[in-house]
Structure formats: structure tokens, C-alpha cells
Amino acid sequence: MDKQIWFRDLHDLDLEDLVQLKWNISQGFFPDADWHQRPNPQNPEGITMDEWLSILEKEFVRLGI
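Below, the structure written as C-alpha cells:
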């Protein structure tokens with residue numbers, strides 16, 4: 001899977017990419033630690049991996065995948 005997929009917003013992903021992303025996560029394939037732009041003084045709006053995975057799970061349920 002294209003490493004750039006981890007950096008895209010969910011609304012930029014097509015269904016095939018979302019399915020691939022869900023499969024990769026279920027197989028334990030995660031990107032490098034800095035992929036998710038965690039919160040810091042320069043970027044207080046960043047999210048943690050757990051928060052991003054929670055958002056993904058909600059989107060997977062919404063899409064029925």
C-alpha cells in the first residue's frame with residue numbers, strides 16, 4: 001500500500017483504499033511513529049494514533065466495511 005495513504009484525510013480516500021487500510025491495520029501494519037502528526041506546541045490540533053484509529057473505525061462502520 002502507498003505510504004502516502006496514511007497522510008491523507010479520510011475524505012480523500014476511495015472505498016478500495018479504505019478497505020486496504022482496514023486490512024493493513026487488522027494485520028498489525030502501522031506506519032512510522034510520526035505519521036499521525038501528534039499534538040505538540042507547534043501543532044496543537046494534531047491527533048494521536050489511537051484517536052485516528054477511532055475515527056477510522058467509525059468510518060468503517062458507517063461504510064459497512
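Residues in the sequence shown are numbered consecutively from 1, following full-length UniProt numbering. Note that CB positions come from ideal geometry on N, CA and C, so glycine has one too. Predicted, not measured: the structure shown is a model, and the values here were computed from it.
- In the pairwise beta carbon analysis, the region 41-51 is classified as not touching the region 11-27: fewer than three pairs are separated by under 8 Å.
- Contact annotation, residue 55 with residue 18: C-beta distance approximately 12 Å; criterion of less than 8 Å not satisfied.
- Sixteen is the threshold: when 16 or more other Cβ atoms of the shown chains lie within 10 Å of the Cβ of residue 21, as they do, the residue is buried.
- Check the Cα spacing between residue 28 and each of 53, 62, 42 and 61: the tightest is with 53.
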